[in-house]
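What follows is one structure encoded as structure tokens, with my remarks underneath.
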Amino acid sequence: MQPLSRKLRRRRRRTPAWHPRALLVWLLIATGWCLARLPLAPLLRGGALLGRCAWRIGGRRRDITETNLRLCFPELDRSARAALGREVFRHAGIGIAETLSVWLNPRRNLAPRVCLEGADALRSAAQRGGVLVIGGHFSALECVGPALASALPMDVVYRRNRNAAWEWLQVRGRRRYFPNVIEREDTRSLIRALREGHIVWYAPDQDYGPKHSVFAPFFGTTAATLAATGRIVRLSGAAVFFASQHRDEVPGRWTVRLAPIEDYPGSNPVADATRINALLEQAIRIDPAQYLWLHRRFKTRPDGVPDPYGRASKI
Numbered sequence: 108m109q110p111l112s113r114k115l116r117r118r119r120r121r122t123p124a125w126h127p128r129a130l131l132v133w134l135l136i137a138t139g140w141c142l143a144r145l146p147l148a149p150l151l152r153g154g155a156l157l158g159r160c161a162w163r164i165g166g167r168r169r170d171i172t173e174t175n176l177r178l179c180f181p182e183l184d185r186s187a188r189a190a191l192g193r194e195v196f197r198h199a200g201i202g203i204a205e206t207l208s209v210w211l212n213p214r215r216n217l218a219p220r221v222c223l224e225g226a227d228a229l230r231s232a233a234q235r236g237g238v239l240v241i242g243g244h245f246s247a248l249e250c251v252g253p254a255l256a257s258a259l260p261m262d263v264v265y266r267r268n269r270n271a272a273w274e275w276l277q278v279r280g281r282r283r284y285f286p287n288v289i290e291r292e293d294t295r296s297l298i299r300a301l302r303e304g305h306i307v308w309y310a311p312d313q314d315y316g317p318k319h320s321v322f323a324p325f326f327g328t329t330a331a332t333l334a335a336t337g338r339i340v341r342l343s344g345a346a347v348f349f350a351s352q353h354r355d356e357v358p359g360r361w362t363v364r365l366a367p368i369e370d371y372p373g374s375n376p377v378a379d380a381t382r383i384n385a386l387l388e389q390a391i392r393i394d395p396a397q398y399l400w401l402h403r404r405f406k407t408r409p410d411g412v413p414d415p416y417g418r419a420s421k422i
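Here our numbering = 1-based position in the sequence shown + 107.
Here's what the structure looks like:
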């Protein structure tokens, strides 16, 4: 095992488990454990209600969501964007309920409720070597994990949480189904896993700052997009697939779509980033409300371009 860099060790410092913030999260986890025992249908309805209430309360995440929708869907008028925003929060609430069910109730098996499209192609590619599965932050992300893991054992890359309680929950919840849970900044372990023939799920669709990013269009707006994705593929020699997941119209049913990305990466990092963003945009347009618009996707701007989030970036 390679030693962690000083920068990575510093970033791993976190809120102690006995800190008041962590204690509050432990209380929420205990509540979630109880709720996860509810039948699936009322649990998901409760999640939808939570999302609607969060939209009404407003706050920073609503401001961020409204800004993202204004930038990405300029063809919609204010009323239509507000309706879409409400649906985004409703789906986010359902996603929380789904995550509780998957992470905190091991007896519940959602795998039979998930349709996997393209699994045979991914399985065939994995027989020849490692595969990097590029995904995005859709609100149905966690609940399809058990189905993916049962059909195609894979590792996952995640972003470490500074709160010890949240960190314990997300790592424990994912390790129920995935053999290895790799921290996002531990690139060496990621590349090693791919070289060893693993399938690894990886989501490069958040803004991680300018250092390792290039600017590429996303819904017609310039977005800082990780350039490391292409380097990871080049260094590991892995095949590449794109994955998206959506809730079906029938409640309690989901679909995961897997498709190979050919001839990636190319010689131009900006063109590569543009290509990945276009695939993600195409998947989002299936049902825009199911994407997690609650994060600041456009916080890093080119020189001279103002921060679109204004007050929401400072809270």
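Ideal placement from N, C-alpha and C gives every residue a C-beta, glycine not left out. Bear in mind the structure is a predicted one, so any value in this text is a computation, not a measurement.
For G373, the closest alpha carbon among the candidates T172, V347, Q352 and W162 is that of V347.
Rounded to whole angstroms, Y265 and W273 show a C-alpha spacing of 13 Å. Note that the C-beta distance between A233 and I339 is not below 8 Å. Cβ-Cβ distances below 6 Å link G200 to G154, A155, L157 and G158 in the same chain, with the five nearest sequence neighbours on each side left out; the list follows chain order. Burial is judged here by how many other beta carbons sit within 10 angstroms of a residue's own beta carbon; Q389 has fewer than 16 and is exposed. P367 sits in a strand when the DSSP states are folded into three classes. G192 counts as buried, since at least 16 other C-beta atoms from the protein chains shown sit within 10 angstroms of its C-beta. For A331, the enclosing beta strand (DSSP E) covers residues T328 to L333. Contact check for R403 and I171: beta-carbon distance about 6 Å, within the 8 Å limit, so the pair qualifies.
The DSSP assignment places 221-224 and 238-241 as complete runs of the beta strand (DSSP E) inside the segment 197-251, in order along the chain (cut-off: 3 residues). Counting every other CB atom within 10 Å of its CB across the protein chains shown gives V412 a total below 16, marking it as exposed.
Rounded to the nearest whole angstrom, the C-alpha separation of G243 and S351 is 7 Å.
DSSP places Q352 in the uninterrupted beta strand (DSSP E) bounded by A346 to R354. The residue from P317, V288, A366 and A189 with its alpha-carbon nearest to that of P260 is V288. Distance check between P324 and each of F405, L217, Y284 and E290 places F405 closest, using alpha-carbon atoms only. In the DSSP secondary-structure assignment, F285 is not bridged to any residue.
A straight line joining the alpha-carbon of V278 with that of A247 spans about 18 Å.
In this chain, the beta strand (DSSP E) harbouring A323 covers S320 to F325. Under the three-state reduction of DSSP output, E290 falls in the strand class.
Per DSSP, the beta-bridge partners of T362 are C222 and H353.
W400: not part of any beta strand (DSSP E); DSSP gives it neither H nor E. Pairing A331 with S343 gives a Cβ-Cβ distance that is not under 8 Å. Separation of the CB atoms of E290 and R267 is rounded to 5 Å, and the pair is thereby assigned contact status at 8 Å. Excluding the 5 residues flanking it on each side, D314 has same chain C-beta neighbours closer than 8 Å at S320, A330, A331, H402, R403, R404, F405, K406 and T407, in chain order. The C-beta of I241 has 16 or more other C-beta atoms within 10 Å across all chains shown, which makes the residue buried. Shortest Cα-Cα distance from A258 to any of A218, E249, R197 and T294 involves A218.
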